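The block underneath contains the structure these notes are about, expressed in structure tokens.
Written as structure tokens, this is what we have:
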């Protein structure tokens, strides 16, 4: 089901270990199955690990519940969002990363109603 969405989804548990990633038809940042069980910090460029750690620390402390940024990658506008996953008592369980190419979405104007021709 999640592989159908045009979004890359990754789940990282409370110990910062990658537990799941979706495999959509056109993955924005390729991932090998070998990342499952690895620390998420090992999946990011060294120059950004301190930012990943800050986001995770903020999630764990309850300081924030989400973080987002966007980048230009090979002429495409990529929107990357992180969401803290918490149980009903508010305890941190991990986080979800959602990465989406929003290049075409940013071009939308006006309205298009359901089932209207493009």
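Numbering (the working numbering), first residue to last: 25 to 142.
For every residue, glycine included, the Cβ atom is placed at its ideal position computed from N, Cα and C.
This one's a predicted model, so the numbers in the text were calculated from it and none came from an experiment.
Have a look at the DSSP bridge pairing and note the partners of residue 34.
45 and 121
Please say whether residue 36 and residue 118 have beta carbons closer to each other than 7 Å?
yes
Simplified DSSP assignment, three categories, for residue 126
coil
Closest to residue 63 by CA distance: which of 84, 102 and 39 is it?
39
I need the straight-line Cα distance from residue 134 to residue 90, nearest angstrom please.
29 Å
Are residue 124 and residue 60 closer than 7 Å when you measure CB to CB?
no
Looking at residue 79 and residue 44, is the spacing between their C-beta atoms short of 7 Å?
no
Of the residues 47, 108, 29 and 141, which one's Cα is nearest the Cα of residue 88?
108
Could you check the C-alpha separation between residue 113 and residue 92 for me, to the nearest Å?
24 Å
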